[in-house]
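To start, the structure itself, in structure tokens.
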Amino acid sequence: MRNTRFMSPRYWRMLPRLAAAIVFLLLPTSGEGRTLQYPEINLTRGRTPAGYPYMNGGISFDEQKTMERAATPYNLKLVFARHTGTLVAPAFVMIATNNDRRIDKIFLRGPWFYIQLPSGGYTILVRFNRHVVLIRGVYLSEGPQRTYLLRGD
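Heads up, the sequence shown is in the working numbering, so the first residue is 4 and it goes up one at a time.
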């Protein structure tokens with residue numbers, strides 16, 4: 004059998020370095036230099052029947068970053084997930100004020116929900132696939148944003 008130059012030990016020693024260089028070139032770059040890819044497509048911005056502004060979305064990482072940048076005017080953030088931690092979009096959210104019992108019903112398409120509500124007490128009811136989650140005693144003020152993680156299913 005003839006010994007070729009690719010069978011020599013010198014080339015076998017270079018093989019791991021060559022494989023590492025190829026893998027390094029194929030890896031994606033860091034997230035800081037990456038541009039967002041169409042983050043506004045699935046975001047929903049609107050007003051409740053009572054006129055309160057809200058924003059809904061957060062399916063992809065790009066959407067979540069876009070929502071975090073635009074979250075300053077909102078004083079309530081709700082994140083919807085299963086018990087396993089997987090994000091899920093509920094069917095709808097009902098927000099009732101504690102003093103005059105007005106109810107806003109909002110249909111959601113994404114697992115992150117921001118809303119700007121006036122100061123006061125609220126009760127929030129969220130319907131997941133077959134489960135209902137109820138939060139009582141949500142008190143909002145002019146201060147920092149309140150965040151609730153709601154788990155269902």
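Heads up, the beta-carbon is just placed ideally off N, CA and C, and yes, glycines get one too. Quick caveat: nothing in here was measured; it's all calculated off a predicted structure.
Requested in this report: Go ahead and pull the three-state DSSP assignment for F64.
Outcome: helix
Query raised in the report: What separation, rounded to the nearest whole angstrom, lies between the Cα atoms of R139 and I106?
Result: 14 angstroms
Query raised in the report: What residue from F95, E145, P147, Y142 has the CA that sits closest to R133's CA?
Result: F95
**Report entry** F116 versus Q148 - alpha carbon distance
**Finding:** 12 angstroms
Query raised in the report: Are P114 and F83 closer than 9 angstroms when you measure CB to CB?
Result: yes
Query - Between the CA atoms of M58 and R72 - distance to the nearest angstrom - result: 12 angstroms
**Report entry** Simplified DSSP assignment, three categories, for T100
**Finding:** strand
Query raised in the report: Any idea if M70 is buried or exposed, counting beta-carbon neighbours within 10 angstroms, 16 or more meaning buried?
Result: buried
Query raised in the report: What did DSSP end up calling A23 once you bin it into helix, strand or coil?
Result: helix
Query raised in the report: My guess is that L143 and G123 are in contact by the Cβ rule of under 8 angstroms, so how many angstroms apart are they, rounded?
Result: 7 angstroms
Query raised in the report: Around the C-beta of G49, are 16 or more other C-beta atoms found within 10 angstroms, so that it is buried, or is it exposed?
Result: exposed
Query raised in the report: Which residues bound the beta strand (DSSP E) around A84?
Result: 79-85
**Report entry** Paired residues, beta bridge with P114 - DSSP
**Finding:** Paired residues: none, contrary to the question.
Query raised in the report: Rounded C-beta distance between L79 and I118? I'm assuming under 8 angstroms.
Result: 5 angstroms
Requested in this report: Report back the beta-carbon spacing between R130 and T47 to the nearest angstrom; my notes put them in contact at under 8 angstroms.
Outcome: At roughly 18 angstroms, the Cβ-Cβ gap does not stay under 8 angstroms, so R130 and T47 are not in contact.
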